[in-house]
Structure formats: structure tokens, C-alpha cells
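Residue numbers (the working numbering): 25 to 449.
Using N, Cα and C, we set each Cβ at its ideal position, and we do this for glycine too.
Since the model is a prediction, treat every value here as computed from it, not as a measurement.
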């Protein structure tokens, strides 16, 4: 790793030809963030390598910034590093530092009489969503197959943004089938990927439908990707996923023992942990990626009043209820690059104060998307990928009776292919 001024200067010159052109000349939809120096720090343990003084000072100073300029958007073509099937990827396209996949809301339930009864009742409703619980096992198999190609091509890890199964409220899943689904999900991951890491954050439908809480989820899925860890006392954790990059997995069901209305919460102890992680990562010159299930910000343009909310969302049921506290912590720092979310079953992308907030469509219903995220020296590319199940995709599209909802779930062009311009280029 470079640790001197000369080393950093040479590294900058190496990537200058890729990063110096303005966004419009690159002909790529680009999110241009305010300036903040980058540093590349080592993987575990959590200690930072030597960096020259001006970078250290800039990082410390940036932690005190309360607001940043809005991000700028420019036009973008398709990002073609990966084909729709996930089967053709260059190992390290254009100097890629690392790549990962984001999936969400698979709502996996193994075949059973209870699943069949629930699906029949749901199908009989005059207003329906497109969620194919009755086909969730087939959808998961196809998704894992595509992700295995992604892993084999050099993908670093996958992130599941919650609602892996059908616990919590509304599904009325028998307790034995809830735990069986958790175990089957973990087992199928292992068959598909071996030790390739898949990290999970909990959603409201990952809660035990009978006993409440996340004890079983923490033991079975919460430990996924963490090596020999047999159990977790809490549902949140920090991971150094690449040199200079820290992933913070938040538990937005913290203090919500039962799923009554879908809302999330970040508890007091977790807020203190998050504050410490943000301070430590800034001091270590690390960039941060967040993940949690429910939303923190309304998916509207940054220039629109934050009090405005699209009609298909609900301020209480779709958001972290103490989101103002979380956003206040984020506003103290300028090195939080991305925040990934699930829950709303729709592709959206918006920005607040230098952070890009992304929600993901559900794996279990139209448009059946997952995301590929590739981190480059001068940009982060985010693109949706389709699960290859055309018959089930059409079945889900036709099942949803709500006006215009399929268009909302698919999302606008920016939500399906964007590039985040990193500020040091």
C-alpha cells in the first residue's frame, strides 16, 4: 500500500486518465460528490496505515462538516460490465477495486400446506401485490445460480437487505416453518457459494412470528459470512470489505420485538455504536457503505422538500421511526458514500448531503431485480440485474392489481443505472 506523498502522487497519476474528464464528457450518468481525500487502509485488524498529514487533517476536518453541496447528475448510458444473466463479467473491468451484489426481500417459504393456504387467500384478494410466495423456492434457486456466476467471476460478496423469509406479521407462518426456512436459506447459500460471503441485515419479516425478536435469525442468518461465529448478541456489525472501505450493517428492527406495521427503529446503544464507527472510519481514512432494511430518506430529488412523500409510501410503516437521529449522525461526516435499503420493493436512488441512498426491488416479485455494485478508483457504478425467470416475471406482473405499481417498482432510469463520481478524482 502507498504510504508516502510520492506513492499517493503516483497512484493518482495512474488513474488520472480515467478520472479527469468531466461527467458530461464521460457520457455516463454520474453522481458528483464534494471533495474529500481518499486513503487506502489495510484489511483487518482495524488499524490504519501511515498516510501523509494533509490527508489525515482533511479527514478529521470533514467529520465536522454539517452539510455539503447537493450532488450533480449527468446523463448515462448502460453500464455493461455484467450481462443481464450475470454470466459474463471481466475479472477486473477498468481497474475495479471490488464488486458486490445487493439482493433484498426474497420472502422465502418452503412448500407446505400453510404456504399454499396463505397463497390461496392472497390470490383471492381484489387488490394484490405481485409477491410470488408460492414460487419463492424456485426464484431463490435461480437467484443463487446467477449469484454463483457473479462470485466465480470475481465478485467479493453479496449483501441481503432484509426480509429473507416470511416471518413477522401478515404471513402468519407457523413457527416451525419459519425456522425451517431460515435454515434452508442458509444451507442453499452454502451449496451455491461454499464459503463465499453473504451478509444479511434483518427486516420486519425476519422476526420470529410467534416468539418475536431476532434470536433465531441472528443465530442462523445473522452469522452468515462471518466465518466461525456461532451466534450474535446484536444484529448490527462492522466489516472491512476492502482496503479503505468499511461496511456497516445496521439492525433496523432494534427494539421492535413484533412486526405490527413494518416500521423500523435504531436503538440507543446502536446509535452510540454507529457514532463510534463513523468516527473511527473517518480517522482511519476509510469510506463507508451502510445497509439497513427500512428507509431513512424519502426517495425524491434532493431539491424537493423532505416532507414530500410519494403516495405509494407511508411515513410510519416504511421508515426508521427515529431516522432524524440517524441522519444527524451521518450529517457530521462526509465519507459515507452509499446507503442500501429494501422493504419497499422498488428501485429508487436519491442523494442527501453527499450520500447516495438506494432502495432495491424485491427478489420475490416484479421486476425481480438484484444490483451489481462495482467500486472503481474514481467512481462507484450501480446497476440492476434481472433474475432470469421470464414466466414467473410475467406471472408477478399480472398478479399486481394496483394502478401503476409495476412501473413504480421497476423505477426510473437513474435508479437502474448510475455512477457515483468519487470526490478525489
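Review point. From what residue to what residue does the beta strand (DSSP E) around residue 356 run?
Key: By one-based count along the chain shown, residue 356 stands at place 332. Premise fails: residue 356 is in no beta strand (DSSP E) and is neither H nor E.
Practice item. Could you say if the segment 118-129 and the segment 348-360 meet the contact criterion of at least three C-beta pairs nearer than 8 Å? Key: no
Check your understanding: Between the segment 357-369 and the segment 409-421, are three or more C-beta pairs nearer than 8 Å?
Key -> no
Exercise for review: Compare the C-alpha of residue 420 against each of 160, 120, 134 and name the closest.
Suggested key: Here the question's residue 420 lines up with position 396 in the chain shown. The option with the nearest alpha carbon to residue 420 is 160.
Point to revise | Residue closest to residue 122, alpha-carbon to alpha-carbon, out of 437, 401, 425 | key: Reading the chain shown from its first residue, position 98 is the one you call residue 122. Nearest of 437, 401, 425 to residue 122, Cα basis: 401.
Check your understanding: Start and end of the alpha helix (DSSP H) containing residue 272?
Key -> Sequence index remark: in the chain shown, residue 272 carries index 248 (1-based). Premise fails: residue 272 lies in the beta strand (DSSP E), 269-273, not in any alpha helix (DSSP H).
Check your understanding: residue 220 CB to nearest chain C CB: under 8 Å?
Key -> In the structure shown, chain C does not exist; there is a single protein chain.
Practice item. Taking only heavy atoms of the ligand GDP into account, decide whether any of them is closer than 7 Å to the Cβ of residue 125. Key: The ligand GDP is not part of the structure shown, which contains no ligands of any sort.
Practice item. Name the one or two DSSP bridge partners that residue 183 has. Key: Locating residue 183 in the chain shown gives position 159, where the first residue counts as 1. Note: residue 183 sits in a beta bridge opposite 126, 223.
Practice item. Give a yes or no on contact between the segment 266-283 and the segment 321-336, applying the rule of three or more CB pairs nearer than 8 Å. Key: Contact fails: fewer than three Cβ-Cβ distances are below 8 Å.
Point to revise | Cβ shell of residue 294 (< 6 Å), same chain only, five flanking positions each side left out | key: By one-based count along the chain shown, residue 294 stands at place 270. Cβ within range, chain order: 260, 278.
Exercise for review: Note down the Cα distance separating residue 120 from residue 139, rounded to an integer number of angstroms.
Suggested key: Here residue 120 is taken as the residue at index 96 of the chain shown, counted from 1. Here residue 139 is taken as the residue at index 115 of the chain shown, counted from 1. Roughly 43 Å between the two C-alpha positions.
Check your understanding: In whole angstroms, what is the alpha-carbon distance linking residue 405 and residue 137?
Key -> Translated into positions along the chain shown, residue 405 becomes position 381. Translated into positions along the chain shown, residue 137 becomes position 113. Using only the alpha carbons, I get a separation of about 43 Å.
Point to revise | Cβ neighbours of residue 347 in the same chain (closer than 6 Å, five flanking residues each side left out) | key: Numbered from 1 along the chain shown, position 323 holds the residue referred to as residue 347. Same-chain partners within the cutoff: 320.
Check your understanding: Using a Cβ-Cβ cut-off of 7 Å (strictly less than) and excluding sequence neighbours within five positions of residue 212, which residues of its own chain qualify?
Key -> Within the chain shown, residue 212 is the residue found at index 188, counting from 1. Beyond the five residues adjoining it in sequence on each side, residue 212 comes within less than 7 Å, by CB distance, of 164, 168 in the same chain, given in chain order.
Practice item. Please classify residue 29: is it buried, with 16 or more other beta-carbons within 10 angstroms of its beta-carbon, or exposed? Key: Here residue 29 refers to the residue found at position 5 when the chain shown is read from its first residue. With a pLDDT of 33 at residue 29, under the threshold of 50, the modelled position of this residue cannot be trusted, and the question is left open.
Review point. Quick one: Cα of residue 191 to Cα of residue 248, how far?
Key: Taking the first residue of the chain shown as position 1, residue 191 is located at position 167. Taking the first residue of the chain shown as position 1, residue 248 is located at position 224. Each residue's Cα considered, the two are about 18 Å apart.
Exercise for review: May I have the straight-line CA-CA distance separating residue 179 from residue 358, to the nearest angstrom?
Suggested key: To locate residue 179, count along the chain shown from 1; it is residue 155. To locate residue 358, count along the chain shown from 1; it is residue 334. Their backbone Cα atoms lie some 27 Å apart in a straight line.
Review point. Excluding five sequence neighbours on each side, which residues of the same chain lie with their C-beta closer than 6 Å to the C-beta of residue 274?
Key: Taking the first residue of the chain shown as 1, we reach residue 274 at position 250. So the qualifying residues of the chain are 260, 316.
Review point. For residue 394, which three-state DSSP category applies?
Key: Counting from 1 along the chain shown, the entry for residue 394 is found at position 370. The answer is strand: DSSP assigns residue 394 an E or B state.
Review point. So the alpha helix (DSSP H) residue 265 belongs to, where does it begin and stop?
Key: Against the chain shown, residue 265 aligns to sequence position 241. Segment 261-266 is the beta strand (DSSP E) holding residue 265; no alpha helix (DSSP H) there.
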